[in-house]
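One structure below.
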Amino acid sequence: MRILGIDPGLRNLGWGVIEAEGGRISHVANGICRPGGDGLAQRLLGLFEALSGVVERFAPAAAAVEQTFVNRDGAGTLKLGQARGIALLVPARAGLAVGEYAPNTVKKTVVGLGHADKRQVAHMVRLQLPGAEIAGPDAADALAVAICHSRHLEAGGRLQAALRSAGA
Numbered sequence: 001m002r003i004l005g006i007d008p009g010l011r012n013l014g015w016g017v018i019e020a021e022g023g024r025i026s027h028v029a030n031g032i033c034r035p036g037g038d039g040l041a042q043r044l045l046g047l048f049e050a051l052s053g054v055v056e057r058f059a060p061a062a063a064a065v066e067q068t069f070v071n072r073d074g075a076g077t078l079k080l081g082q083a084r085g086i087a088l089l090v091p092a093r094a095g096l097a098v099g100e101y102a103p104n105t106v107k108k109t110v111v112g113l114g115h116a117d118k119r120q121v122a123h124m125v126r127l128q129l130p131g132a133e134i135a136g137p138d139a140a141d142a143l144a145v146a147i148c149h150s151r152h153l154e155a156g157g158r159l160q161a162a163l164r165s166a167g168a
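Just so you know, we're using my numbering here: the sequence shown kicks off at 1 and counts up by one.
Now the structure itself:
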């Protein structure tokens, strides 16, 4: 199954695509959408177009988006939320189921620590996807979101299989 992971951002939106099959994962592609233009509307349009191109090009079967971290800057949080809306809209518009994960859940799944820093996340992503050329920290975070989603889908599949075999 091909999975798209997205790390939302208004200036840098990271994306990563992995292939997951039978508990094994492999790198497909990753990058960073850097929308140009003046004003919020133009940036959001740029994100929409760039991410739509990623979905069209790599044809994922599922997607996952990191939830936003709420901080003291209400205006900044609101703008980030709008970028996150684009990150949810694009795969949903393509008919994909979209998972959402808190940053601590992603870090715990990929690194083993819920409060890992960006360097630790990038290091573990490189270990799990050997040979992958990662476009930057935002792309590494997006790949971590995709890995997290693959692990959760895998665990859910094992649970469903166990329930079927138990006759439930």
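Even for Gly, the Cβ is constructed at its ideal location relative to N, Cα and C.
Beta-carbon proximity of residue i to residue j, cut-off 9 Å
i, j, result
"P91", "R2", "no"
"G39", "W15", "no"
"L96", "L13", "no"
"A122", "P103", "no"
"H27", "L89", "no"
"E20", "L44", "In the sequence as presented, Glu is not what sits at residue 20; that position holds Ala. No, Cβ-Cβ distance for A20 and L44 is not below 9 Å."
"G99", "L153", "yes"
"C33", "V55", "no"
"A94", "K107", "no"
"P35", "R11", "yes"
Residue i, buried or exposed, once every other Cβ within 10 Å from all chains shown has been counted against 16
i, result
"K118", "exposed"
"T77", "exposed"
"F48", "buried"
"C148", "buried"
"S150", "buried"
"L127", "exposed"
"L113", "exposed"
"D141", "buried"
Separation of residue j from residue i, as counted between CA atoms
i, j, result
"A144", "F58", "18 Å"
"M124", "A75", "33 Å"
"T109", "A41", "34 Å"
"G9", "V65", "11 Å"
"I18", "L80", "25 Å"
"S52", "D7", "15 Å"
"I25", "A146", "10 Å"
"A155", "A135", "29 Å"
First and last residue of the uninterrupted alpha helix (DSSP H) at residue i
i, result
"E49", "40-58"
Residue i: first and last residue of the uninterrupted beta strand (DSSP E) it sits in
i, result
"N30", "24-33"
"G5", "2-7"
Cβ of residue i within 9 Å of any chain D Cβ
i, result
"Y101", "Here there is only one protein chain, and chain D is not present."
Complete beta strand (DSSP E) runs within the segment 70-143 (minimum length 3 residues, chain order): 97-101
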